[in-house]
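Structure record follows, encoded as structure tokens.
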Amino acid sequence: QVLVLHDMLGLSEGPQLKFVRRYAELGAAISSAVSEFAADVRAGRFPAEEHTFHSDESR
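The numbering of the sequence shown is our numbering, which starts it at 2 and goes up by one.
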């Protein structure tokens with residue numbers, strides 16, 4: 002048997018294999034985080050001034 006890290010961490014979709022114990026549901030967490038990031042970018046909430054670095058030359 003091959004135990005794949007993606008299956009253990011919940012990164013795979015589809016039925017859970019009998020010989021795999023899921024330790025996390027990271028796929029759902031990653032999907033949610035990416036959706037939130039995309040919504041913030043579309044709404045203009047990110048990047049904000051506090052997320053921006055200005056070099057001395059650009060000021």
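For glycine and all other residues, C-beta sits at the position ideal for the given N, C-alpha and C.
Could you check where the alpha helix (DSSP H) with residue i kicks off and where it finishes?
i: Phe38; result: Leu27 to Ala44
If you run the structure through DSSP and keep just helix, strand and coil, what is residue i?
i: His55; result: coil
i: Glu4; result: It is Leu, not Glu, that sits at residue 4 in the sequence shown. Correct three-state label for Leu4: coil.
i: Glu50; result: helix
Since I believe residue j is in contact with residue i (beta carbons under 8 Å), could you give me their beta-carbon distance rounded to a whole number of angstroms?
i: Leu6; j: Gly28; result: Their Cβ separation, rounded to whole angstroms, is 12 Å, which puts Leu6 and Gly28 out of contact at 8 Å.
i: Phe38; j: Phe47; result: 7 Å
Between residue i and the rest of its own chain, which residues show a CB-CB distance below 7 Å, the 5 nearest in sequence each way excluded?
i: Asp8; result: Leu18 and Val21
i: Tyr24; result: Met9 and Leu10
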